[in-house]
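Sequential numbering from 265 applies to the sequence shown in my numbering.
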Amino acid sequence: MTLDSPTSINHVLLCSKCNLPLGDQLVKALDGAFHPHCFTCWDCDTPVASRYLPHPTEYGQPLCERDYFKRLELVCAECDEPLRGTYIIALDKKYHPDHFTCSDCSIVFGQDDSYYEHDDQVYCHFHYSTRFAVSCAGCDMAILKQYVEIPRDNGVDHWHPECYMIQKFWSVKIAYPQLKEGDRYPQKYIPQTPYELIKTQKDTEEKVISIWSVLSAFEESSAVCISEMLLHVSNGSYLESICLSERFLVHVEALFAGIDKIAAVYQEFNQAEFKYTKDAKMLCKKIINFFSLLSRTGDMEMKKLGITQELISLVTGLAHYLKVLIRVTLNAALLLEMIVGRPVAISHLLARLMEIPGKERHSRDCQRLVQGKNTDFCQECKNIIEDQCMKHAEYRWHVTCFKCKNCDRALDPNSTTLYNLQLYCLGCVKSTAYSFDYVSKLSQYSYLLRIALSRLCSLMQISDSQLSTVDYSTKLNNTKASHILKDVPPNMLGASKELQQMIDERGQLENIYPTEIKDAKTVSSSTTRLDRKMSRSFKMANKRSTILGNASMPARSSLPTRTDSLNRRSVGLNDLPQLAAVAVGNNKPVSTSEGTPVATGMSGKPRIYLSELSALQYMIIRYVAVVQIESYVRNSFSSTELLNMIESKKSSIWGKFFTPFKQKKSVQPKAKDIGTFGVPLDVLTDRTGVESNLALGPSPVRLASFIDDAITAMRQKDMSVEGIFRKNGNIRRLRELTEELDKNPSEVDLTQENGVQVAALLKKFLRDLPDPLMTHRLHGLFMCADRIQDPDQRKRALHLACCMLPMTNRVTMEVLFLFFRWVATYSHVTDEVGSRMDIPNLARVIAPNILTAHHKDPLKDESFVSINVVETILESCNEFCLVPEDLEVFLRDPSLSGVDMSPREFLKKVEQTVKQGGPVQPTRSFDCARPPPSSIYTPQQYLPYSNHHPSSDYTKSTPQLMNPPRRTDSFNSYQ
């Protein structure tokens, strides 16, 4: 471009824009000549004679610098100025490096800083966390990474994965531990500065991960000990069982030591002692009972003990009371820290549990010291000491007996002397003071357990050399337990030191029980099953990388993620009762190895769970069940009557498949459709249904939220309370809860109610259903099936009748009956303790609420028949959760999925298939040592979530971060 003065022009020059003659000043550019005022920007009409850039597409048109960069989309979104050099791309916008700041403050995001987006605005960590982030329902901290969604009636709860697992396993919320009656939560501390917020979030996250990592590893290790004790006793391997008992005592001693430490901290801060004595004493009684069971193996009849109901009761009790102690202790530690406002308890508890591997190595030495010493009695009164006491060397005294023999005054441990095992004060006997130590109640319990084990070894004539022949690494033969606790370094034992969690994945080693764990945050093992859906956070934090020329950035190690600490694979305490119960049903030994088979039929192929079927597949099973059951009940029901039990009108199969989705309210216009109680089950499930893993199969089922909440809450309660499900609870409170659940169910927390109250509420819910759970329509069929004399045929007919239930009713019945069976395992925990609600007693109180006739005939009382039906289904509910084996062939027949077949045509097709196919004979026994790893009633091979099963939609999701902003150099040359 040139600016000239034409003085010697032979002809007139015209302006390329206005076509008028040029004057003394002109601009030559872009193959043309222009008046200076005509040479303007194509976009904004600003004169650009002094500086211009050619239009990138319209040849011969100039642009000012700003519009040129705007055409190239190289303008800062903050200042609207051109990006001449290095710039940043974020949220599909470009910024100058010093203009990429938080929308609420002046913080400039550096090269590796995180930023958050909300409503197309950029925010720093502090302002996003305090203004927009959703808080975790467990720890009350902002959710910035992965989270778990828990649908509720009037909304959705969001949890950090670890917080949810802590709540799921032990029913404890990190930020809201259960208060004592009459107490209130203190005012929440709100961080005022970014530094305070980051520190609070970091401390909380580390505490949560530590709690989950250590407690889940401790529970897993304890559960493996108990399950292997069960296995060895059932197989007659009593020497190995005693070795495992010794090892289990190490776990109990570590937990007792942690409880003692927390109790001491409670006393230090002048807080009332939390209640733990009853559960600790019951746990010790169950261990003593187990030793007693082993001591009877000398009888010839006990040589092959096998799995007995007594052994199931012991396993159930051990798991239950250990679980309760963990929950009570964790809740007490969190409550104390919330009261004092600083971490003073959790680290002490976890540190004691992490000392287990080191103590296991010296456990045999401790046991040798106990052998041969009869020191469980008081040296003064000669009675057994079952409480706190004082000790000197191997001698012990009751606290009440710790007084001067001469003057009868209470003694000071530092001013007491001993003469001929008699206690004297220094005022009565001038001598050297002896050293006496205080022994807590739980420490004495641990000591008594050691003595009991020593006496058991003596009774069974087992020597130390025999115990030593059991190799340590093969004590848990064929068991894959991935995690166990390791020693805590000395600098971690103080409460003021940051607790480090240590977990090591060793799952790939067979027949070796790992004794070390490393950094809990760097676990990378087979995923564990979470029974809720994992999701990415609402607005994920974005990491920004920069590129300057061709300079390569050094690779950084990936930071640990929260969900790494969730990786588990083994059995848990909740699995033990069902594991033992299944073994009893099969009358075969139990194994917790990974090779345990799933449910298989006579052909050896895996069985199909009813909960796995789609709506159309289940409809096929219902119609096939009508055909199959006719031969059992033809004297009472015709085929037409049986067909009417599952169909209300004539239509095609395809039409029936879509019936539940069409005009539900028009079917029963007078039925209640709001609230919780008195609402038809299908309506309530459609409106409040949640995805639940409370069924037995591998796939989640849709369940009414009240049922899911009630069962989840009760599984965290003490089921050994006498009369559970028989007692009616507090009638006034029952009425209040009913009204609250009808008006605002999301505000009701059933975990705060006692077990008897929730059980009564669940019975009332079932009793108030307009159509009972097992339906009026099928009531007569169940009654007829129970009158069949042959036991196998009666069981077969009841199974087919259950398959004819509506899908929602059958799923709910499966979930409830599995839960009732679990409740029955606590019927006789000990001779003195237990709910007394075994399967027959549960059937008596449950049957009138779920299986009733539409019109009661006072002259025809069928209540006892109903009880027999419910009892039979309870005893065989594992088998009734499966598709009858001879019916599976119909699911593989594509011709049965025709859309235009009427019910009659479909039944005719089924009859032809039966004649031509020659289906497999019905299964006579249920060979299922362990169902697939999805249900909470299953010994979990994958805890607590998994992406292994193809039919599961509960998968571990990886955060899909937004495109990271990048730094690049803009086009910087003028043409």
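For glycine and all other residues, C-beta sits at the position ideal for the given N, C-alpha and C. Since the structure is predicted, the reported quantities are computational estimates derived from the model, not experimental observations.
Go ahead and label residue i buried or exposed: buried means 16 or more other beta carbons lie within 10 angstroms of its beta carbon, across all protein chains shown.
{"i": "Asp972", "result": "buried"}
{"i": "Lys655", "result": "buried"}
{"i": "Leu278", "result": "exposed"}
{"i": "Gln708", "result": "buried"}
{"i": "Arg1168", "result": "exposed"}
{"i": "Arg1074", "result": "buried"}
{"i": "Ser895", "result": "exposed"}
{"i": "Ser1130", "result": "buried"}
{"i": "Asp331", "result": "buried"}
{"i": "Leu257", "result": "Outside the displayed span of the chain (265 to 1239) sits residue 257, for which this structure offers no information."}
{"i": "Thr791", "result": "Residue placement at Thr791 is poorly supported in this model, since its pLDDT is 31, which falls under 50; the coordinates are not used for a value here."}
{"i": "Thr457", "result": "exposed"}
{"i": "Leu284", "result": "exposed"}
{"i": "Tyr359", "result": "buried"}
{"i": "Pro1036", "result": "buried"}
{"i": "His1118", "result": "exposed"}
{"i": "Ser556", "result": "exposed"}
{"i": "Ser679", "result": "exposed"}
{"i": "Ala674", "result": "exposed"}
{"i": "Cys653", "result": "buried"}
{"i": "Gln531", "result": "exposed"}
{"i": "Cys308", "result": "exposed"}
{"i": "Ala536", "result": "exposed"}
{"i": "Cys645", "result": "exposed"}
Name the one or two DSSP bridge partners that residue i has.
{"i": "Met654", "result": "Trp661, Tyr702"}
{"i": "Ile414", "result": "Asp421"}
{"i": "Ala297", "result": "Lys292"}
{"i": "Thr580", "result": "Partner(s): none; Thr580 has no beta bridge."}
{"i": "Phe641", "result": "Ile648"}
{"i": "Glu1240", "result": "The requested residue 1240 does not occur in the structure, where the chain is confined to residues 265 to 1239."}
{"i": "Tyr359", "result": "Ile352"}
{"i": "Tyr873", "result": "Leu1146"}
{"i": "Lys667", "result": "Ala674"}
{"i": "Cys328", "result": "According to DSSP, Cys328 bridges with nothing at all."}
Below 8 Å on the Cβ atoms is my contact criterion, and I expect residue i with residue j to pass it. Report the Cβ-Cβ distance as a whole number of Å.
{"i": "Leu713", "j": "Leu558", "result": "Actually they do not touch by this definition, with Cβ atoms about 14 Å apart."}
{"i": "Thr949", "j": "Ala974", "result": "Thr949 to Ala974, Cβ: 14 Å. No contact."}
{"i": "Phe989", "j": "Lys1027", "result": "7 Å"}
{"i": "Glu1004", "j": "Val1012", "result": "5 Å"}
{"i": "Val386", "j": "Cys366", "result": "6 Å"}
{"i": "Tyr392", "j": "Tyr380", "result": "4 Å"}
{"i": "Gly961", "j": "Ser875", "result": "4 Å"}
{"i": "Lys550", "j": "Gly581", "result": "4 Å"}
{"i": "Ala583", "j": "Leu837", "result": "4 Å"}
{"i": "Cys302", "j": "Lys281", "result": "4 Å"}
Cβ of residue i within 8 Å of Cβ of residue j?
{"i": "Val1134", "j": "Ile1110", "result": "yes"}
{"i": "Val436", "j": "Leu598", "result": "yes"}
{"i": "Leu600", "j": "Phe533", "result": "yes"}
{"i": "Ile552", "j": "Ala716", "result": "yes"}
{"i": "Phe333", "j": "Pro318", "result": "no"}
{"i": "Leu906", "j": "Val888", "result": "no"}
{"i": "Ser477", "j": "His515", "result": "no"}
{"i": "Tyr702", "j": "Thr681", "result": "no"}
{"i": "Tyr1090", "j": "Ser956", "result": "no"}
{"i": "Ile610", "j": "Ile475", "result": "yes"}
{"i": "Leu1030", "j": "Asn1113", "result": "yes"}
{"i": "Cys328", "j": "Thr310", "result": "yes"}
{"i": "Ser491", "j": "Leu840", "result": "yes"}
{"i": "Cys388", "j": "Cys403", "result": "no"}
{"i": "Arg1060", "j": "Asp1050", "result": "no"}
* To do: Inspect the CB distances between the region 515-531 and the region 592-600 and report whether three or more fall short of 8 Å.
  => Note that the region 515-531 touches the region 592-600; at least 3 beta-carbon pairs, one per stretch, sit closer than 8 Å.
* Count the CB pairs spanning the region 984-999 and the region 1016-1023 that are closer than 8 Å, and state whether there are at least three. => They touch, by the three-pair rule.
* To do: Check whether the region 1100-1107 touches the region 1038-1054, taking contact to mean three or more Cβ pairs, one atom from each stretch, closer than 8 Å.
  => Because the criterion of three Cβ pairs below 8 Å is not met, the region 1100-1107 and the region 1038-1054 do not touch.
* Do the region 1043-1060 and the region 1090-1103 meet, that is, are 3 or more Cβ pairs less than 8 Å apart? -> With a cut-off of 8 Å, the region 1090-1103 and the region 1043-1060 do not count as touching, because too few Cβ pairs lie within range.
* Indicate whether the contact test is met: 3 or more Cβ pairs, each with one atom in the region 1048-1067 and one in the region 1140-1154, closer than 8 Å. => Yes, they touch.
* the region 683-699 in contact with the region 488-508 per 3-pair CB rule at 8 Å -> Segments in contact, no.
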